[in-house]
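Peer 1:
In this note's numbering, the protein residues as written are 123 to 215.
1) Can you list the alpha helix (DSSP H) stretches of 4 or more residues lying completely in the stretch 145-177, in chain order?
2) Give the range of the alpha helix (DSSP H) segment to which residue 258 is assigned.
3) Helix, strand or coil for residue 213? Go by DSSP, reduced to three states.
4) Compute the Euclidean distance between the alpha carbons of residue 178 and residue 211, then round it to the nearest angstrom.
5) Just the Cα atoms here: how many angstroms apart are residue 215 and residue 176?
6) For residue 188 and residue 157, I'd like the C-alpha separation in whole angstroms.
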């Protein structure tokens, strides 16, 4: 978010300089933790895969079906209800 705020052009010159400095520091910090985040993400994925192997096969199939049904319902809600409403100019408040 700080990087996005730093790239906004509609600011006075003083706050633009401050935001540019903030954006630079944010990018530096994000680059510095990239490898740590990658390692943590791999560790979490490995642990999740290991735990998933312990789940009964039948339960896994049922869970996958439930996720598929939930996705289909969400997709239908967005395409049949929300998208036409947004196109008409109605937005959630």
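Ideal placement from N, C-alpha and C gives every residue a C-beta, glycine not left out.
Small disclaimer: the values here were computed from a predicted structure and weren't measured.
Peer 2: In terms of the structure at hand:
1) Counting only runs of 4+ residues, the alpha helix (DSSP H) found wholly inside the stretch 145-177 occupies 156-175, in chain order.
2) Here the chain covers residues 123 to 215 and nothing more, so residue 258 does not appear.
3) Start at 1 with the first residue of the chain shown, and residue 213 comes out as number 91. In the three-state DSSP reduction, residue 213 falls in the coil class, being neither helix nor strand.
4) Here residue 178 refers to the residue found at position 56 when the chain shown is read from its first residue. Here residue 211 refers to the residue found at position 89 when the chain shown is read from its first residue. Their Cα atoms are separated by approximately 47 Å.
5) Position 93 of the chain shown, counted from the first residue, corresponds to residue 215. Position 54 of the chain shown, counted from the first residue, corresponds to residue 176. Residue 176 has its alpha-carbon roughly 44 Å from the corresponding atom of residue 215.
6) The count along the chain shown starts at 1 and reaches residue 188 at position 66. The count along the chain shown starts at 1 and reaches residue 157 at position 35. Cα atoms of residue 188 and residue 157: separation of roughly 35 Å, rounded to the nearest angstrom.
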